[in-house]
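Protein chains: 2
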Amino acid sequence: MPAFTAHQLYRVGKGILMELGATEEEAEIVTRFLVKANLAGHDSHGVIRIAQYAKGIWKGEIVPGSATEVVVETPSSALLNGNWGFGQVTGFRASKIAIEKARSSTVSVICAYNCNHIDRLADYTMMIAENGMIGIAMANSVKIVSPYGGIDRMLSTGPLSYAFPTEKEVPFVLDIATSVCAEGKIRVSLHKGEKLPHKWIIDKNGQLTDNPSDLYEGGAILPFGGEVGYKGFGIGLAIDALSGILGRSGVAYHDNKRGNGVFMEAINIESFMPLDQFKREMDELIRTVKKSRPMPRFKEIMVPGEPESRSERQRIKKGVYIAEKTWEELTDVAKTLSVDIEKCLN
Amino acid sequence: MPAFTAHQLYRVGKGILMELGATEEEAEIVTRFLVKANLAGHDSHGVIRIAQYAKGIWKGEIVPGSATEVVVETPSSALLNGNWGFGQVTGFRASKIAIEKARSSTVSVICAYNCNHIDRLADYTMMIAENGMIGIAMANSVKIVSPYGGIDRMLSTGPLSYAFPTEKEVPFVLDIATSVCAEGKIRVSLHKGEKLPHKWIIDKNGQLTDNPSDLYEGGAILPFGGEVGYKGFGIGLAIDALSGILGRSGVAYHDNKRGNGVFMEAINIESFMPLDQFKREMDELIRTVKKSRPMPRFKEIMVPGEPESRSERQRIKKGVYIAEKTWEELTDVAKTLSVDIEKCLN
Chain A
1 MPAFTAHQLY RVGKGILMEL GATEEEAEIV TRFLVKANLA GHDSHGVIRI
51 AQYAKGIWKG EIVPGSATEV VVETPSSALL NGNWGFGQVT GFRASKIAIE
101 KARSSTVSVI CAYNCNHIDR LADYTMMIAE NGMIGIAMAN SVKIVSPYGG
151 IDRMLSTGPL SYAFPTEKEV PFVLDIATSV CAEGKIRVSL HKGEKLPHKW
201 IIDKNGQLTD NPSDLYEGGA ILPFGGEVGY KGFGIGLAID ALSGILGRSG
251 VAYHDNKRGN GVFMEAINIE SFMPLDQFKR EMDELIRTVK KSRPMPRFKE
301 IMVPGEPESR SERQRIKKGV YIAEKTWEEL TDVAKTLSVD IEKCLN
Chain B
347 MPAFTAHQLY RVGKGILMEL GATEEEAEIV TRFLVKANLA GHDSHGVIRI
397 AQYAKGIWKG EIVPGSATEV VVETPSSALL NGNWGFGQVT GFRASKIAIE
447 KARSSTVSVI CAYNCNHIDR LADYTMMIAE NGMIGIAMAN SVKIVSPYGG
497 IDRMLSTGPL SYAFPTEKEV PFVLDIATSV CAEGKIRVSL HKGEKLPHKW
547 IIDKNGQLTD NPSDLYEGGA ILPFGGEVGY KGFGIGLAID ALSGILGRSG
597 VAYHDNKRGN GVFMEAINIE SFMPLDQFKR EMDELIRTVK KSRPMPRFKE
647 IMVPGEPESR SERQRIKKGV YIAEKTWEEL TDVAKTLSVD IEKCLN
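Going line by line, the protein sequences match chains A and B.
Take the first sequence: its position 262, counted from the start at 1, is 262 in my numbering, and no numbers get skipped.
Take the second sequence: its position 11, counted from the start at 1, is 357 in my numbering, and no numbers get skipped.
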C-alpha cells in the first residue's frame, strides 16, 4: 500500500476530474473534500470515490459544469436544484448560501435535490462552524435500512451532522449514520471475509445476523439504538422527511431514488450571545466531559470530531496509505484519460 | 386505582394550581399538558407532577405569575428568561413565539433559561406542527447520564422531539430521551422491586448492571445506542450545547443546574412547498413504512406518535387510571389548600 501526501492525492484527483470535464472550481471542491476524508481516517469517503465518479460521468449520472439553481427562496431559506452536478459542489454551494443567509437572518434552512453523492456531511457543517455558526446537516439516499421491528428496506442510512465552533479545543463535529453502521463498513467486512462485530443486520427473513453477505442477499441494516432502536428509527424517519419531502429529493424507498437529498441549517450564534463566550463554553464542555473516569475497557473519553482530528494530524505527518486496489482503479482511470500520474506526484 | 375522565383530572389540577397562586391562564396550560401526558400513556409526565409542583411553589422554586421576558431578539430568534415560572408556561410561550416568527421569517429558533420542568417536548413540537410547520425541540436538565465509555455523570437525559404535520394519518411526533431510557423508567422498576429489562445503567464503578438501585448509589444511565453509544452520546452533547450554552441555561454537569434549558425551532413548510402536498407525502411515508413485514417477535411497525395516539383514543373512552399513591398525594395537597375535590369531580 503506497503512502502519499495530501497534496499528491489532491493533484492526482484534480487532474483526473478536470480531464473528465470538471471545471477547476469543481475539481478543487470535490478533491479537497475527498482528501480531507482520507486525512480524517474515513478512507471509504476519500479518493476511492474518484473511480466511481468517473463511471458516473461516463454514464451521464454526474454532469460536470452543472449550475446549482435556486428554485424557491426567502431571506432565510432556499430550495436548490443541483442539476446532477457533483454532490460536493451542490453541498458546498448550499453551505455558502446557508452561511450568507444566517449572517443576515440569524437562522437559515437550505434544501437540495438532484444532488449526487455529497460525501461527508461534516465538511459542510464544519464550513458553517468556521464562520462562527452552528452547522446542522442531514441527508437521505437509497433504501437499505429496516424500520424498527420490520424486515423490509425502507430508509437510507440517513446521516446526521452537528458542528459547533470552539476556541482552543478541536471543533466539535458529529457525523453519524442513523443506522447502526454505514453500508461501507459491512462491505469492508464482506471483502475481508470477516463476520460483523455484532448482529448489526437482518437477513431477508428478518433474522438477526453477523454475516455481511446476508445484507446483499435481500437483508437490511438495523436502525441504531439496539433494544431501543425505535429511537434511531424515529430520527431516521425525521431525516427522510426533512431531506426527502421538504427537500423534494424523494424519500428513500422510492424505486427511482438516487443521490442524496440534503437538509442544511446554520444558526448565527452572535444573535444569541458573544461568539467568544460561546466558544469558551464549548471548550469547557469538551474538557469537562473528557475528565470523566473511563469505563474498564476504555482508555479515555473521545468527543465527536476528536478521532478524525487525531487521524489528520498523524496522516499529515506520515502520509495517507491508499489500498492497492484503490490505487489500481485510480491509475486505470488516469491512463484511460491520459492523465500523467507521475507528474501529479512530483 | 380509580379511573377518571380527562375533564375531571383537568378540573382537579386546575383547582389545585389556582389555589397555589397560578393565574387561570397558567393553570390551564399546565393542567392541559399534564392531562394530555396521562392520555398519551406517559403517566410519569402527567398529574403525578402536581404534588411536585406544589412543593416547588412552597419552596419558592416555581414562581406563579412570572412573566416570560424576551432578553435578546431578532425577527427569527429570541432568547427567553422564564423567570422560574411554570416550565410549561415558558414552553408554551416559546412555541407561540417560534410559530409567529417562522410565519414571517420561514425559520425560527427560540431558546429559554430559568425554566422549570417543561414536561413532554412533544406538546410544543405538536403545537408547531398544528400550525403547518415542522417543530423541533430539545432540552437539557441535571446530570445523570455518562459519556460513551465513561463512568461519571456528565449529561442529562437530553430529550429530542420532531413533529411533522400529516393529512389523514396520525401526526408524526417523535419525543425521545437521548439516554437509553428516561430516569422515570428506572425509578418505576426500583419501586416495583424489578430488574431493568437490559443492562441500561452502570454502577458507581462503571460496571454494567440491571439493578435499578445502582443508579441511585452513584451510578449513571448510559447514552442510547448500545455498542455504538457514541452516537447517542454525540447527539446528547449537541443538545447540551444548544439548550445549555446557546440557550444560556447552563450545561448539565453544573452543580447548581436546575430546571430545563430549552431549544425550540419552527420551519414554515409553505416557504418550500404547498402545505397540502407536504402533508400528503408525510401520509404516504407513514403508510409505506408501516407496510414493512414485521420481524418475528413484532406484530406491526409503529411510527413515532402512534402508541401515544392509540393510548389517547383508549383512555378517552375508558378513563385514565391514576395510581393510588398518586391520587393520595393529590388529595393531600388539595386538602392542605382546602380545594373541594368532590366538586371538581362532578
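Even glycine gets a Cβ: it sits at the ideal position worked out from N, Cα and C.
In this text the structure is predicted, and so the values were computed from the model without any measurement.
Minimum C-alpha distance to residue i - residue among the options
i	options	result
Asn477 of chain B	B:Gly552, B:Leu426, B:Leu621 and B:Cys690	B:Leu621
Glu415 of chain B	B:Ser657, B:Ile668, B:Leu426 and B:Met479	B:Leu426
Val519 of chain B	A:Ala137, A:Glu312 and A:Lys231	A:Lys231
Ile176 of chain A	B:Gly552, B:Phe579 and B:Met641	B:Phe579
Ser525 of chain B	B:Arg499, B:Leu536 and B:Tyr508	B:Arg499
Asp119 of chain A	A:Gly46, A:Val109 and A:Val170	A:Gly46
Glu167 of chain A	A:Arg287, A:Ile341 and A:Ala98	A:Arg287
Lys325 of chain A	A:Val339, A:Arg49, A:Leu246 and A:Tyr162	A:Arg49
Ala40 of chain A	A:Thr331, A:Ile322 and A:Arg315	A:Arg315
Arg348 of chain A	A:Thr209, A:Gly229 and A:Val170	No answer is possible for residue 348 of chain A: it lies beyond the span of chain A, which begins at 1 and ends at 346.
Ala612 of chain B	B:Tyr399, B:Leu363, B:Val435 and B:Ala483	B:Ala483
Asn429 of chain B	B:Glu407, B:Ala528 and B:Pro421	B:Glu407
Gly431 of chain B	B:Glu529, B:Leu542, B:Ala400 and B:Lys382	B:Ala400
Glu529 of chain B	B:Pro511, B:Ser559 and B:Met610	B:Ser559
Glu654 of chain B	B:Asp389, B:Gly359 and B:Glu540	B:Asp389
Met473 of chain B	B:Lys405, B:Lys382, B:Ser657 and B:Glu540	B:Lys382
Lys204 of chain A	B:Ala509, B:Met641 and B:Thr677	B:Met641
Arg643 of chain B	A:Lys185, A:Ala163, A:Gly149 and A:Met264	A:Gly149
Rounded C-alpha distance that separates residue i from residue j
i	j	result
Ile134 of chain A	Ser141 of chain A	24 Å
Pro363 of chain A	Ala349 of chain B	What is shown of chain A runs 1 to 346, which leaves residue 363 of chain A out entirely.
Ser617 of chain B	Lys96 of chain A	19 Å
Lys489 of chain B	Gly605 of chain B	11 Å
Lys538 of chain B	Arg32 of chain A	57 Å
Ile269 of chain A	Cys457 of chain B	12 Å
Glu28 of chain A	Leu34 of chain A	10 Å
Asp340 of chain A	Phe92 of chain A	28 Å
Ile151 of chain A	His254 of chain A	17 Å
Val262 of chain A	Cys115 of chain A	8 Å
Lys291 of chain A	Pro421 of chain B	40 Å
Gln553 of chain B	Val289 of chain A	19 Å
Ser684 of chain B	Val491 of chain B	40 Å
Lys681 of chain B	Arg533 of chain B	27 Å
Thr677 of chain B	Leu588 of chain B	39 Å
Ser535 of chain B	Glu563 of chain B	15 Å
Opposing strand residues paired with residue i [DSSP bridges]
i	result
Ile456 of chain B	B:Ala424 and B:Met610
Asp329 of chain B	What the structure shows of chain B is the stretch from 347 to 692, and residue 329 of chain B is not part of that stretch, so it cannot be assessed.
Tyr353 of chain A	With chain A covering only 1 through 346, there is no way to say anything about residue 353 of chain A.
Ala485 of chain B	B:Val608
Thr209 of chain A	A:Ile201
Leu34 of chain A	Bridge partners of Leu34 of chain A: none, in fact.
Ile375 of chain B	Partner(s): none; Ile375 of chain B has no beta bridge.
Closer than 8 Å at the beta carbon, the chain A residues around residue i
i	result
Ser638 of chain B	Ser146, Pro147, Gly150, Ile151, Asp152 and Met154
Val635 of chain B	Pro147, Gly150, Met154, Leu155, Leu237 and Tyr253
Tyr698 of chain B	This structure gives no information on residue 698 of chain B, because the portion of chain B shown stretches from 347 to 692.
Interface residues of chain B facing residue i [CB-CB closer than 8 Å]
i	result
Arg248 of chain A	Phe618 and Met619
Gly225 of chain A	Phe570, Gly571, Gly572 and Gly578
Met282 of chain A	Ala587 and Ile591
Neighbouring residues, chain A, relative to residue i (Cβ below 7 Å)
i	result
Ile522 of chain B	Lys231 and Gly234
Ala669 of chain B	Ordered by position in chain A, no residue passes the 7 Å Cβ test against Ala669 of chain B, which lies about 25 Å from the chain.
Val526 of chain B	Val228
Ile613 of chain B	Val109
Phe350 of chain B	Going along chain A, no residue has its Cβ under 7 Å from Phe350 of chain B, so there is no contact; the nearest lies around 29 Å.
Phe510 of chain B	Ala241
Within chain B, the residues that residue i reaches when beta carbons sit closer than 9 Å
i	result
Val303 of chain A	Pro493, Phe579, Gly580 and Leu583
Pro212 of chain A	The contacting residues do not exist; Pro212 of chain A stays about 16 Å from chain B at best.
Val72 of chain A	Ser617, Phe618 and Met619
Ile202 of chain A	Met641
Under 7 Å from the C-beta of residue i: neighbouring residues of chain B
i	result
Val430 of chain A	Any question about residue 430 of chain A goes unanswered here, given that chain A covers just 1 to 346.
Ser108 of chain A	Val453
Leu79 of chain A	Phe618
His198 of chain A	Glu573
Ser76 of chain A	Ser422, Ser451, Thr452 and Val453
Given 8 Å, three or more beta-carbon pairs between the segment 537–548 of chain B and the segment 459–473 of chain B: no
Touch test, the segment 151–161 of chain A against the segment 227–239 of chain A, Cβ-Cβ under 8 Å, three pairs minimum: yes
Inter-stretch contact at 8 Å, needing at least 3 Cβ pairs: the segment 61–75 of chain A / the segment 7–15 of chain A: no
Sufficient close CB pairs (3 or more, under 8 Å) joining the segment 19–33 of chain A to the segment 294–313 of chain A: no
The segment 208–228 of chain A touching the segment 90–104 of chain A, judged by at least three CB pairs closer than 8 Å: no
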